[in-house]
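Following this note's numbering, the numbering of the sequence shown begins with 1 at its first residue and continues without gaps. Beta carbons are placed, not taken as given, at the ideal position from N, Cα and C, and that holds for glycine. Note that this is a predicted model, so its numbers are computed, not measured. These notes concern the structure reproduced below.
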Amino acid sequence: MPTRISSPTSNRFRVTTALVALALIGMVPCSEGRASGSPPAARIGRVALWYNKRPPAPEEEILFRHAEIVLIGYPGTLDPWWRGLRKRGIKVLPYVSFYKLPNVADVPETNDWDGGSPARSELARNPFWREVSTDEHPEWIARDDTGKAKRPFDNDGYMEGWNQSRPDLPSYREACRRGIQALMRQGYDGVFIDNVREAHQKMVVDAANLVHSLESDALVVMNGHADDQVNRAVNCRMLESFIYSWAWDLGFFQRAEWQDYWKKMKDQAWEPGSGAQPLALGYLGFSGRSAREDAYTLLSSALILGFAFSDAGTALDPSMVAAFARKNLFQGGTRSALQYFTGTSHDSWVGEFYSVNLGAPRGRLMEQNGCVVRYFARGLCVFNPTGQLARVSLEWPGKFAYEAACGTRIESRNGQITLYVAPFSGRVALIT
Numbered sequence: 001m002p003t004r005i006s007s008p009t010s011n012r013f014r015v016t017t018a019l020v021a022l023a024l025i026g027m028v029p030c031s032e033g034r035a036s037g038s039p040p041a042a043r044i045g046r047v048a049l050w051y052n053k054r055p056p057a058p059e060e061e062i063l064f065r066h067a068e069i070v071l072i073g074y075p076g077t078l079d080p081w082w083r084g085l086r087k088r089g090i091k092v093l094p095y096v097s098f099y100k101l102p103n104v105a106d107v108p109e110t111n112d113w114d115g116g117s118p119a120r121s122e123l124a125r126n127p128f129w130r131e132v133s134t135d136e137h138p139e140w141i142a143r144d145d146t147g148k149a150k151r152p153f154d155n156d157g158y159m160e161g162w163n164q165s166r167p168d169l170p171s172y173r174e175a176c177r178r179g180i181q182a183l184m185r186q187g188y189d190g191v192f193i194d195n196v197r198e199a200h201q202k203m204v205v206d207a208a209n210l211v212h213s214l215e216s217d218a219l220v221v222m223n224g225h226a227d228d229q230v231n232r233a234v235n236c237r238m239l240e241s242f243i244y245s246w247a248w249d250l251g252f253f254q255r256a257e258w259q260d261y262w263k264k265m266k267d268q269a270w271e272p273g274s275g276a277q278p279l280a281l282g283y284l285g286f287s288g289r290s291a292r293e294d295a296y297t298l299l300s301s302a303l304i305l306g307f308a309f310s311d312a313g314t315a316l317d318p319s320m321v322a323a324f325a326r327k328n329l330f331q332g333g334t335r336s337a338l339q340y341f342t343g344t345s346h347d348s349w350v351g352e353f354y355s356v357n358l359g360a361p362r363g364r365l366m367e368q369n370g371c372v373v374r375y376f377a378r379g380l381c382v383f384n385p386t387g388q389l390a391r392v393s394l395e396w397p398g399k400f401a402y403e404a405a406c407g408t409r410i411e412s413r414n415g416q417i418t419l420y421v422a423p424f425s426g427r428v429a430l431i432t
């Protein structure tokens, strides 16, 4: 059994009293802050995404080994696989969107998540997409003043057959409701609603209340605009491109005012009863630093703020990063390019990263030398939001600590360990 950390007694300030640990934290109920008809709040830990049409290969199963939730893009296609996840206690949430809808006859058959929507074969197996198909309801398609169909994100190059919807039409809203009901009857643990805009707020609230009424412990995760009602109705709201984004070039990362960014994120620090828990989704590979440093920076900052966490599998699969924007990698020079094209996915640190289990939070968030620190049952996280190298000395109960971001073993002296944290980086120390 690991040694448990006692809360330090100095240099604290009051913040959240129940920040989330990343891996293997149980769902903790809370009765405050939910919309009418919704269940108690639940603390969510590690979240995995799987938008592939194929089931994961054996080496990819590590993505789900310690996940609490999996967001899945091809649930109809991968029925036997996701039911296996549920037998292991993992909650499975299928992807839906109220923003875009298919005309099935025009959707091509592809092998991937082309532009953010599934291929034709999934549409035939997925009751939500069947309900909202425009093959027999062309009136549900949003059109411009000339009568031309509006493409998702106003992008004429988006996958054929997909268009923007008409959320103002009661018949379309009812079709979405039927689709959600049909999904829940198939045994899923809730839904993931993507592309939420201002026009969809009431639809999201109604869908969340419907899901929670059908299954008291079901979860609703959303991505996009969330007003106060949505924030109270759903369990989790995604913060896509948290720190790291496939859409940013290296120049953006190097120029960004990270201290201002951190202040904005800190304002969203989550505690049970304060509404939907944020889900920090970051895409690794666009900073010019090592994948390992990026991964633990994302992990530590999310845990300290009480956010759920996902890297969309980009620590495991460097080719996914390259597929997003190969140009961005080479802008970082030879060092960055080599990191992502020389077997990173087979390094031992990747397995450690997807297996980190810090346990429940202990004590309160602290500050030292410009860094923020959070203790957990099996270790601690440190995050440096400044532009300077920081040195922190922290109380430690054991003789040694394993610093996961660097892969080093640290000896404690006089009951303390010392960590050096690079600018806008994170560190994770585990009890050994």
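For the alpha helix (DSSP H) that contains residue i, what are its first and last residues?
i, result
"residue 434", "No statement about residue 434 is possible, as the shown extent of the chain runs from 1 to 432 and does not include it."
"residue 129", "127-132"
"residue 206", "201-214"
From the options, pick the residue whose C-alpha is nearest to that of residue i; which is it?
i, options, result
"residue 414", "396, 424, 430, 201", "396"
"residue 244", "218, 274, 281, 88", "281"
"residue 257", "429, 424, 269", "424"
"residue 95", "101, 78, 73, 82", "73"
"residue 135", "394, 102, 412", "102"
"residue 52", "117, 86, 168, 223", "117"
"residue 219", "162, 408, 133, 210", "210"
"residue 189", "216, 80, 157, 297", "216"
"residue 427", "301, 377, 177, 225", "301"
"residue 238", "123, 432, 47", "47"
"residue 79", "407, 222, 131, 186", "186"
"residue 225", "235, 241, 200", "200"
"residue 154", "107, 100, 127, 55", "100"
"residue 263", "371, 391, 289, 112", "371"
"residue 375", "384, 369, 363, 89", "363"
"residue 75", "93, 242, 152, 207", "93"
"residue 284", "265, 84, 266, 317", "317"
Using C-beta distances below 8 Å, list every residue in its chain close to residue i, excluding the 5 sequence neighbours before and after it, in chain order.
i, result
"residue 214", "181, 184"
"residue 355", "23, 62, 65, 66"
"residue 387", "258, 259, 423, 424"
"residue 105", "135, 161"
"residue 412", "396, 398, 399, 400, 401"
"residue 137", "171, 172, 175"
"residue 150", "141, 142, 143, 144, 163, 164"
"residue 132", "101, 102, 140, 165, 172, 175, 176, 179"
"residue 353", "292, 295, 296, 299, 315, 404"
"residue 203", "98, 167, 173, 176"
"residue 196", "98, 99, 204, 222, 223, 224, 225, 226, 230"
Go through its chain and collect everything with a Cβ distance to residue i's Cβ below 7 Å, but skip five positions before and after it.
i, result
"residue 49", "71, 310, 312, 313"
"residue 205", "35, 229, 230, 233"
"residue 405", "292, 293, 296, 426, 427, 428"
"residue 342", "Confidence at residue 342 is low in this model, with a pLDDT of 40, below 50, so its placement is unreliable and the value that follows should be read with caution. The answer is none, since no qualifying residue turns up."
"residue 407", "349"
"residue 121", "77, 109"
Could you please give me the residues that DSSP links to residue i through a beta bridge?
i, result
"residue 165", "141"
"residue 420", "391"
"residue 194", "97"
"residue 434", "In the structure displayed, the chain extends from 1 to 432; residue 434 sits before or after that span and is not available."
"residue 46", "309"
"residue 105", "DSSP, once it has assigned bridges, lists no residue as partnering residue 105."
"residue 247", "None, per the DSSP bridge assignment."
"residue 219", "190"
"residue 149", "143"
What span of residues does the beta strand (DSSP E) with residue i cover, start to end?
i, result
"residue 230", "Not the beta strand (DSSP E): residue 230 falls in the alpha helix (DSSP H), residues 228-233."
"residue 54", "Careful: residue 54 lies outside any beta strand (DSSP E) and carries neither H nor E."
"residue 238", "236-240"
"residue 427", "425-431"
Once you ignore the five residues that flank residue i on each side, which residues in its own chain have a CB closer than 6 Å to its CB?
i, result
"residue 28", "Summary for residue 28: the model assigns pLDDT 30, below 50, so the residue's position carries little reliability; its value from the coordinates is reported in the next sentence. Only 43 meet the Cβ criterion."
"residue 418", "393"
"residue 32", "Low per-residue confidence applies at residue 32: pLDDT is 34, beneath 50, and the placement is therefore not dependable, though the value from the model is reported in the following sentence. Result list for residue 32: 273, in chain order."
"residue 113", "51, 73"
For the stretch 61-101, which segments carrying the beta strand (DSSP E) assignment without a break, of at least 3 residues, lie completely within its bounds, in sequence order? 69-72, 91-97
Review point. Where in the stretch 337-415 do unbroken runs of the alpha helix (DSSP H), each at least 4 residues long, occur, reported from the N-terminal end onward?
Key: 348-353
My parser needs the beta strand (DSSP E) runs of 3 or more residues fully inside the stretch 264-308; what are they? For the stretch 264-308, whole beta strand (DSSP E) runs of length 3 or above, ordered along the chain, are 277-281.
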